[in-house]
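Peer 1: One structure is given below, represented as structure tokens, and several questions about it will come after.
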Amino acid sequence: MVDLETIRKKAKEIVSREDVKHLIGWRKGTFGYRVTPYWVEAPEDAEELVYSPLCNTNLATSLTLAEKLPLPKGQEPDRRKTALLVRGCDSRAVVQLLTERGVDREQVVLLGLPCRGVVDLRKLKDSYPEDNEVADAEWKEDKIVLNVSGEKKEIPREEVLDDHCLVCRYPNPVEADETLGEKVEPWAEESHPGVEELENASFDKRWDFWEKEFERCIRCYACRNACPMCYCEDCILDRLNPTWIYRSNNYSENTAFHIARAFHLVGRCVSCGACERVCPAGIPLGKINQKLVKEVREKYEFEPGTDPEGVPFQASYNPQDQEDFIL
Amino acid sequence: MSEKPRVGVYVCHCGINIAATVNVEEVVEFASRLPGVTVVRNYAYMCSDPGQQLVREDIENENLNRIVVASCSPRMHEITFRRTLQDAGLNPYYLEMANIREHCSWVHPDSEEATPKAKKLVSAAVSKARMLEPLEEKEVDSERTAMVIGGGIAGIQSALDIADAGYQVYLVEKSPSVGGRMAQLDKTFPTLDCSACIMTPKMVDVANHPNIELMTYSEVEEVNGFIGNFEVKVRKKARYVDIDKCNGCGECADNCRVKNRIPNEFDANVGKRSAIYLPFPQAVPAKFTVDPDHCLYLTKGKCGKGPKCQEVCGTGAIDFEQQDEEVEVKVGAIIVATGFDTFDPSNKPEYGYQDYPNVITGLEMERLVAASGPTGGELLIGEGENARKPKKVAFIQCVGSRDASVGNEYCSRVCCMYTAKQAHLIKEKIPDAEVTVYYMDVRAFGKGFEEFYDRVRREGIRYIRGNPSEIFKKDDKLIVKVEDTLTATPREDEADLVVLAVGLEPRQDARGVIDLLRLSQTSDRFFMEAHPKLYPVDTSTDGVFLAGCAQGPKDIPDTVAQAKGAAASAMIPLSRGKVKVEAQTAEVNEATCRGCGFCTEVCPYSAIELKTINWFGHEVNVAEVNEALCKGCGTCSAACLSNSIQPRSFRDSQIMPQIAALGVKS
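Protein chains in written order, with the working numbering: chain A, 5 to 331; chain B, 8 to 673.
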């Protein structure tokens, strides 16, 4: 793994570069276990960077946020690069963005970090409740060490890791300009959490399951905003003519929303789990996306975000592709 | 666009095709109340001259600016009515058709259902018509050259016709010689002309014709472009023989170290050849070719002390350093004449083709009875001292044709007659032979076929109606197990030789051709014509035409006829020197295009590229459509992540109202 000083030192170095505008990383939040994305604009800012099992946002999302506002005549656009800390899943998201030309490789500097998985705060909630004090956490071998109000607690990682991280096969960055620290051995076999279980359930059971889940959706769109792949400027959810999905918060429209989002992620979802972690209603969104990830892997042997030179799934065609789903 | 839409709706009766199930009066009454509709008329045959005249007059007198014709499929008459609009001075793309025949009257027997549906279709068409925009038809120059892919009789005939008309033709053949399947045949039914005798003059003609560039032992690698302007990459495979030096003497083949050890494909593998070979004596060009899969020097890197062929070649033509060569040519039209394969009877194990040497296919039979074949035309069974003339010969029809169990439901159209011909030839060579034909039906449909079939029967050939269930060996005899279905008698007939009348199948490598030229297949897997009746030699790709068995099984006269038809069609752009390009092309909205490039990847015509534009000071990538290449298929639009590319006449703003109108109760 990698120690924080190395990251901060390297980050300082990068931000000092002429051709780099800023570096995006994480810093502590204002209370409890919360960690927030952080824009390092100047070398001294790098001291605030953190890297721990609590860094549960996918930073690749930030890459597509920058707007290209019209420039006054004669003014040159800012051509400086954006630097980004990337773990396995963040880097896969960046790679997927590269293949979709959502991001220009020349415009980003990727600082790779190996990762042993992030914590799902919902799993901490009961046994290790957070208080207003800002808490800390770190990886220690196969355990997670929580530092709450000066008290250290060692927890086996299986207990608190995010479901996606438990089966992560890409703990090391797949694309980076430089990767710090030692590589982490992947710990998981191929599997899709919770998918098999649901697949085996009867149609009625599955229907009931999702009906219950989608009814709770409050349509805050946090999942969409946290997702590195949801970056369309003109989102189908916002479109009025035609209005594909109505704004009314009810089971029917909520379901339409989630199905639309899931389909828009087919062959694009990089299994980072960011959507599920931010959902205030606790809807297991990962299960929908993982089902589609599984289908794409099994039927088309395609895994998004692994080949920067590759062709996006929706834009690739092979005459031998399975077509058995066509009615 | 600022003028208010004044829509004219014309409802066609199509005789009684539409009027029998759709209440036309009711549709007219309904259409007259639709917004924007100025004139509604109905007429027995809108496509007739008086029908079209109605439209022309109304455009002039009523000042109509949008026309909806509710009749048949646009594939049938869209072009007809576009011309009508143009004649009347209206942009032809102000036309919208409502298909109330194929989509309505023909599929609904009941007027109760058909009439409301016709109303909806008309209402949808009016909704779309109101949003239509004028489009400009452009023309681009066409190359005055053609390419023919496949050097069988179909390809040869097409090439000769086009070349005779004065246009340059590139004839590409995969194997070392032109001639194809027809060159393999002995005699042709029903006239019993010698196949080689009528074929070789044509083969020589294509080689000598000043307008034909013959590219044998070559394959098409890549096709880009569109009608009038195809760019074709052809790979000329290395022959390892300099064809300018080779004089065809054959010394090399005689001295080859693997002489007579390699099955000769031309002889349906019943004869043998050397690793350096001329496929058959009349081959064109009469130049030798080294088989890179069998030549010792090329496969093992060593051939004795040195390749003997090279040693004995008097002209020094053999060059093992030769490399494949790639050439690029520009052509205005392409004819696909890639031919067929014969059915592999090992897929019907009950006939024991793989187990019994005396069970052979029809094509093998052709080579065995051919004077130029490996046996010099002598038909013998058994090896060495045991070789003898077969006394009992059985023919089994429909092997791999009309047989759903092997996936070929179609009739191969030639097997009945080639079997009759082969039966006749056997009778001629071995007058005392007993020849039996097992058949399902005899389809003697062509000119002179029935007469020939009669003649063969009069010669004493026995026809037994029944599809044999099995061939097995008893002692040293083959037994054909069959039920004579005319008398309902089970039989077990002895035979010395069984000939399986194998059917015709699409070529194994057809997939490659489909991908190269974006062709479609019919359910029988042969290449699909643009319309089974009215465009039998055209394909879904403009400027690409079909000839011969690549399109479906046919005999030689039909193949030649189709080849001539394809040649005539291919010459249209060549002689005009200009081709129209699609007006309903895709258009990019540069303000919203994100430059993701999905459209460039999915475009089947490679018509889209990314370009960099200055967007308020920023350099951004956006898609750009090459309108000459775009066919308006809309694939880009389906893939677009930001709704930024749409085909003209099929924009969201046009089809959304159309869809919405279908949802309204009428």
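Backbone N, C-alpha and C define an ideal beta-carbon position, used for all residues, glycine too.
Note that this is a predicted model, so its numbers are computed, not measured.
(1) Drop a sphere of 10 angstroms on the beta-carbon of K11 of chain B, count the other beta-carbons inside from all chains shown, and report buried for 16 or more, exposed for fewer.
(2) Using a Cβ-Cβ cutoff of 9 angstroms, what residues of the segment 313-326 of chain A are near chain B? List them in chain order.
(3) What residues are listed by DSSP as bridge partners for I148 of chain A?
(4) I'd like the list of long-range same chain contacts for I249 of chain A, defined as Cβ closer than 8 angstroms, with 5 residues on each side in sequence excluded.
(5) Could you tell me the alpha carbon to alpha carbon distance between M8 of chain B and E140 of chain B, rounded to whole angstroms?
(6) Residues of chain B with CB closer than 8 angstroms to the CB of Q79 of chain A, please, in chain order.
(7) By DSSP's criteria, F237 of chain B is part of a beta bridge. Which residues make up the other side?
(8) Report the neighbours of G331 of chain A on chain B: residues whose CB is nearer than 8 angstroms to its CB, in chain order.
(9) Verify the CB distance criterion: does C236 of chain A have a CB-CB separation below 8 angstroms to chain B?
(10) So E616 of chain B contacts chain A; which residues on that side make the cut at Cβ distance below 8 angstroms?
(11) Got a sec: is the Cβ-Cβ distance from K13 of chain A to anything in chain B below 8 angstroms?
(12) In chain A, what lies closer than 7 angstroms to A646 of chain B by C-beta?
(13) Confirm, please, whether the CB-CB distance from H26 of chain A to V54 of chain A is below 8 angstroms.
(14) Going by the CB atoms, is the gap between V199 of chain A and L165 of chain A shorter than 8 angstroms?
(15) Using the three-state DSSP reduction, which class does M138 of chain B fall into: helix, strand or coil?
(16) Would you say L387 of chain B and A394 of chain B are within 8 angstroms of each other, going by their C-beta atoms?
(17) Nearest CA to the CA of Q558 of chain B: which residue from B:D549, B:A573, B:G550?
(18) Compare the Cα-Cα distances from P560 of chain B to each of B:R280, B:S651, B:E238, B:V421 and report the closest residue.
(19) When you compare the segment 300-318 of chain A with the segment 31-43 of chain B, are there three or more beta-carbon pairs, one atom per stretch, that lie closer than 8 angstroms?
(20) CB M53 of chain B to CB Y101 of chain B, shorter than 8 angstroms?
(21) For a test of the three-state rule: what should DSSP assign to A26 of chain B, helix, strand or coil?
(22) Along chain B, which residues have their Cβ under 7 angstroms away from the Cβ of E104 of chain A?
(23) Let me confirm a value: R268 of chain B is counted as buried when at least 16 other C-beta atoms fall within 10 Å, else exposed. Which label applies?
(24) Counting only runs that start and end within the segment 80-158 of chain B, where is the beta strand (DSSP E) found for 3 or more residues in a row?
(25) Would you say D23 of chain A faces chain B, with C-beta separation under 8 angstroms as the test?
(26) Please report the Cβ distance between I615 of chain B and A630 of chain B, rounded to the nearest whole angstrom; I am assuming they are in contact, meaning their Cβ atoms lie under 8 angstroms.
(27) Would you say S547 of chain B faces chain A, with C-beta separation under 8 angstroms as the test?
(28) At 8 angstroms on the CB atoms, spell out the chain B contacts of P308 of chain A, in chain order.
(29) Taking only the alpha-carbon atoms, compute the straight-line gap between C59 of chain A and P513 of chain B and give it to the nearest angstrom.
(30) Report the neighbours of R518 of chain B on chain A: residues whose CB is nearer than 8 angstroms to its CB, in chain order.
(31) Under 9 angstroms between beta-carbons, which chain B residues line up against K72 of chain A? List them in chain order, please.
(32) State yes or no: is the C-beta of F233 of chain B within less than 8 angstroms of the C-beta of A590 of chain B?
(33) Quick check: what's the CA-CA separation for D261 of chain B versus F295 of chain B?
(34) Between which residues of its own chain and C643 of chain B is the CB-CB distance below 7 angstroms, once the five residues before and five after are set aside?
(35) Beta carbons nearer than 9 angstroms to chain A: which residues of the segment 512-540 of chain B have them?
(36) By alpha-carbon positions, which one of A:E145, A:N254, A:D212, A:V24 ends up nearest to V6 of chain A?
Peer 2: On the basis of the supplied data:
(1) The C-beta of K11 of chain B has fewer than 16 other C-beta atoms within 10 Å across all chains shown, which makes the residue exposed.
(2) Among the residues of the segment 313-326 of chain A, those with a Cβ less than 9 angstroms away from any Cβ of chain B are V315, P316, Q318, A319, S320, Y321, P323, in the order of the chain.
(3) In the DSSP output, where bridge partners are listed per residue, I148 of chain A has A:W143, A:I159.
(4) Within the same chain, I249 of chain A has close Cβ partners I240, L241, E257, A260, F261, A264.
(5) Only weak support exists for where M8 of chain B lies, its pLDDT of 48 falling under 50; the coordinates are left without a value.
(6) Residues of chain B passing the Cβ test: G624.
(7) DSSP, once it has assigned bridges, lists B:G232, B:V338 as partnering F237 of chain B.
(8) Looking at the sequence shown, residue 331 of chain A is not Gly but Leu. The premise fails here: L331 of chain A is roughly 18 angstroms from chain B at the closest Cβ pair, so nothing lies under 8 angstroms.
(9) Interface with chain B (8 angstroms Cβ-Cβ cutoff): C236 of chain A is included.
(10) None at all; the shortest Cβ gap to chain A is about 13 angstroms.
(11) Not one beta carbon of chain B lies nearer than 8 angstroms to the beta carbon of K13 of chain A.
(12) Those within 7 angstroms of A646 of chain B in chain A are Q318, A319.
(13) Contact: no.
(14) Not closer than 8 angstroms, so no.
(15) Residue state for M138 of chain B is assigned as coil, using DSSP reduced to three classes.
(16) Cβ distance < 8 angstroms, so L387 of chain B and A394 of chain B count as in contact.
(17) Relative to the Cα of Q558 of chain B, the nearest Cα in the group B:D549, B:A573, B:G550 belongs to B:A573.
(18) Taking only the C-alpha atoms, the option nearest P560 of chain B is B:V421.
(19) Contact between the segment 300-318 of chain A and the segment 31-43 of chain B is absent, because fewer than three Cβ pairs lie under 8 angstroms.
(20) Going by beta carbons, M53 of chain B and Y101 of chain B fall outside the 8 angstroms limit.
(21) Annotated three-state conformation of A26 of chain B is coil, per DSSP.
(22) Result: C603.
(23) The residue is exposed, with fewer than 16 neighbouring Cβ atoms inside 10 Å.
(24) Qualifying beta strand (DSSP E) stretches, in chain order: 102-106, 145-148, 152-156.
(25) For D23 of chain A, the answer is no, since every Cβ of chain B falls outside 8 angstroms of its Cβ.
(26) Under the criterion of beta carbons closer than 8 angstroms, I615 of chain B and A630 of chain B qualify as touching, at roughly 5 angstroms.
(27) At a cut-off of 8 angstroms between beta-carbon atoms, S547 of chain B makes no contact with chain A.
(28) Chain-order list of chain B residues neighbouring P308 of chain A: empty, with the shortest C-beta distance near 14 angstroms, by a criterion of under 8 angstroms.
(29) Between C59 of chain A and P513 of chain B, the C-alpha separation is close to 60 angstroms.
(30) Here the neighbours are P323.
(31) Within 9 angstroms Cβ-Cβ: W622, F623, G624, H625, V627.
(32) Not in contact: F233 of chain B and A590 of chain B (Cβ atoms no closer than 8 angstroms).
(33) One alpha carbon belongs to D261 of chain B, the other to F295 of chain B, and they sit about 12 angstroms apart.
(34) Once the five neighbours on either side are set aside, the close Cβ partners of C643 of chain B are A593, C606, V609, C610, I615, I652.
(35) Residues passing the 9 angstroms Cβ filter: R518, I521, D522.
(36) Restricting attention to A:E145, A:N254, A:D212, A:V24, the CA atom closest to the CA of V6 of chain A is found in A:E145.
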